[in-house]
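Undergrad:
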């Protein structure tokens, strides 16, 4: 019983290490966002729109690597709470531009400091320079579309969110 667990091939599996490292951050993010009656995905979308007002819904979804079918319910939930508004784009009537309402801006502003504080707390084991290095390395990994897993049936690369959902379901069921 006192022997240390052996992880074998898991030691060389980046996804395993990323998932293990993500656990405290994900929990901190969920708890901090919940204090403002937000899910992490909702806060993320609101914060992005706040800094990119009037952008098309499709642009925002792509920037967050969220498939349209997953993005629309997030937008609808935020819109129903009066936190953002969607309007038909002036340039392309088939698409929507999105803006955060004053109520949404106030909520993002209020929620940001506590959410960042929880993230900092979860990362406290790393020095400032280590945190910056990790941020850069993670960005490099997730911004390169070629690193995404391939859907076995279609041969297409999975979106980041779909991959995370699949991985989450694998580890929690």
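In this note's numbering, the protein residues as written are 16 to 188. A virtual CB, placed ideally from N, CA and C, is assigned to each residue, including glycine.
Output needed for residue 94: all residues of its chain with C-beta closer than 8 Å, excluding positions within five of it in sequence on either side, in chain order.
TA: The answer, listed in chain order, is 100 and 101.
Undergrad: So, helix, strand or coil for residue 87, using DSSP?
TA: Helix at residue 87.
Undergrad: Taking C-beta to C-beta, are residue 61 and residue 119 nearer than 9 Å?
TA: In this structure, residue 119 lies closer than 9 Å to residue 61 by Cβ.
Undergrad: Could you tell me which residues DSSP pairs with residue 103 in its beta bridges?
TA: 111.
Undergrad: Does DSSP classify residue 70 as helix, strand or coil?
TA: Looking at residue 70 - three-state DSSP - the assignment turns out to be strand.
Undergrad: If we count the other Cβ atoms within 10 Å of its Cβ and call it buried at 16 or more, is residue 140 buried or exposed?
TA: It counts as exposed.
Undergrad: Enumerate in chain order the residues of its own chain whose CB-to-CB distance from residue 49 is below 8 Å, with the five nearest sequence positions on each side excluded.
TA: Around residue 49: no qualifying Cβ.
Undergrad: On the CB-based measure, 16 or more other CB atoms within 10 Å of its CB, does residue 121 come out buried or exposed?
TA: The residue in question, residue 121, is exposed, as its Cβ has fewer than 16 Cβ neighbours within 10 Å.
Undergrad: I need the boundaries of the alpha helix (DSSP H) containing residue 149, first residue and last residue.
TA: Start and end: 143-158.
Undergrad: Where does the unbroken alpha helix (DSSP H) through residue 133 begin, and where does it stop?
TA: Counting along the chain, the alpha helix (DSSP H) containing residue 133 begins and ends at 117-137.
Undergrad: Residue 57 to residue 17, Cα distance in whole Å?
TA: So the two alpha carbons sit approximately 43 Å from each other.
Undergrad: Please classify residue 78 as buried or exposed, where buried requires at least 16 neighbouring CB atoms within 10 angstroms.
TA: Burial call: exposed.
Undergrad: Classify residue 44 as buried or exposed, calling it buried when 16 or more other Cβ atoms lie within 10 Å of its own Cβ.
TA: That one is buried.
Undergrad: Please classify residue 22 as buried or exposed, where buried requires at least 16 other C-beta atoms within 10 Å of its C-beta.
TA: With fewer than 16 Cβ atoms within 10 Å of its Cβ, residue 22 is classed as exposed.
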